[in-house]
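Protein chains in written order, with my numbering: chain A, 1 to 112; chain B, 113 to 225. Heads up, the beta-carbon is just placed ideally off N, CA and C, and yes, glycines get one too.
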Amino acid sequence: KNQVEQSPQSLIILEGKNCTLQCNYTVSPFSNLRWYKQDTGRGPVSLTIMTFSENTKSNGRYTATLDADTKQSSLHITASQLSDSASYICVVATDSWGKFQFGAGTQVVVTP
Amino acid sequence: SQTIHQWPATLVQPVGSPLSLECTVEGTSNPNLYWYRQAAGRGLQLLFYSVGIGQISSEVPQNLSASRPQDRQFILSSKKLLLSDSGFYLCAWSMVNWRAEAFFGQGTRLTVV
């Protein structure tokens, strides 16, 4: 069973609209949680990182939240653009040396 | 600045042929190195990770092997490819600290025919 579950699996949104992606994890111990953006056929690129003491982090139009008590995170995309079309992957680092657990990703399609 | 190079970008190989994918990292020393495979519509699956030269840990049993002949070089190999080895392979590196971030290469699309 995957220790990092993401929802929805995919979503389609209109350009300019907002959307929120969810990530629930059972990974333990917990070091940090990252959201990555992966364009089709490319390697993932980090958007945000949060440790257990941080409950929100922004990167431009991307805002991530973390509730370490309930082990839930979300990624909010504001005023979506066509270039936001990609897979968004939630990644939890389990310890300080850098072992990662990956979610399956949410495929976002932004349409004009 | 640090960069990671992975090649080739795409590869089509017949069943039973050997495989060698190479990954190199520049601008850092003693990184953790990783090989991941991503099947269509699935998350990244960790295949191998290495914390130093000659130190390889395998996460899942498979038809593949990995080697780290130099500090910043990581190689994924197979003696005989299977159809099930097709997929998107990603190399990544990270430093050993509590805010460790994985930096990914551009990936190799492997098709076994």
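Applying the criterion that 16 or more other CB atoms from any shown protein chain within 10 Å of the CB defines a buried residue, is D84 (chain A) buried or exposed?
D84 (chain A) is buried by the Cβ-count criterion.
State the DSSP-derived secondary structure class of L176 (chain B), mapped to helix, strand or coil.
coil
Looking only at its own chain, which residues have a Cβ that is under 8 Å from the Cβ of Q38 (chain A), when we skip the five neighbours before and after it?
Cβ neighbours of Q38 (chain A) beyond the five flanking positions: P44, V45, A86, S87, Y88, I89 and G105.
Pull the bridge partners of V108 (chain A) from the DSSP assignment, please.
A:L11 and A:A86
What is the C-beta distance between T94 (chain A) and S31 (chain A), in whole angstroms, given that I count them as a contact (C-beta under 8 Å)?
Here T94 (chain A) really is in contact with S31 (chain A); their C-beta atoms are around 6 Å apart, less than 8 Å.
Among the candidates A:K71, A:Q3, A:D69 and A:L14, whose CA atom is the shortest distance from the CA of I77 (chain A)?
A:L14
For I12 (chain A) and L123 (chain B), I'd like the C-alpha separation in whole angstroms.
31 Å
Where does P143 (chain B) land, buried or exposed, given buried means 16+ other C-beta within 10 angstroms?
buried
Taking the CB atoms as reference points, tell me whether Q81 (chain A) and N24 (chain A) lie closer together than 8 Å.
no
By Cβ distance below 7 Å, which residues in the same chain neighbour L158 (chain B) in space, the five residues on each side in sequence not counted?
Y146, Y148 and E171
With DSSP run on the structure shown, which of helix, strand or coil describes D226 (chain B)?
Nothing can be reported for residue 226 (chain B): it is not among the residues displayed for chain B, which extend from 113 to 225.
So that I know if they touch, is there some Cβ in chain A lying closer than 8 Å to that of F160 (chain B)?
no
Using C-beta distances below 6 Å, list every residue in its chain close to A151 (chain B), excluding the 5 sequence neighbours before and after it, in chain order.
G199
Taking the beta strand (DSSP E) that Q218 (chain B) belongs to, which residues open and close that run?
Note, Q218 (chain B): premise wrong, no beta strand (DSSP E); not H, not E.
Measuring straight from C-alpha to C-alpha, what distance separates S190 (chain B) and A79 (chain A)?
If I take the Cα positions, the gap works out to 45 Å.
Would you say F102 (chain A) faces chain B, with C-beta separation under 8 Å as the test?
yes
Strictly by DSSP, which residues pair up with G164 (chain B)?
B:Q167
Would you identify the three-state DSSP class for K57 (chain A), choosing helix, strand or coil?
strand
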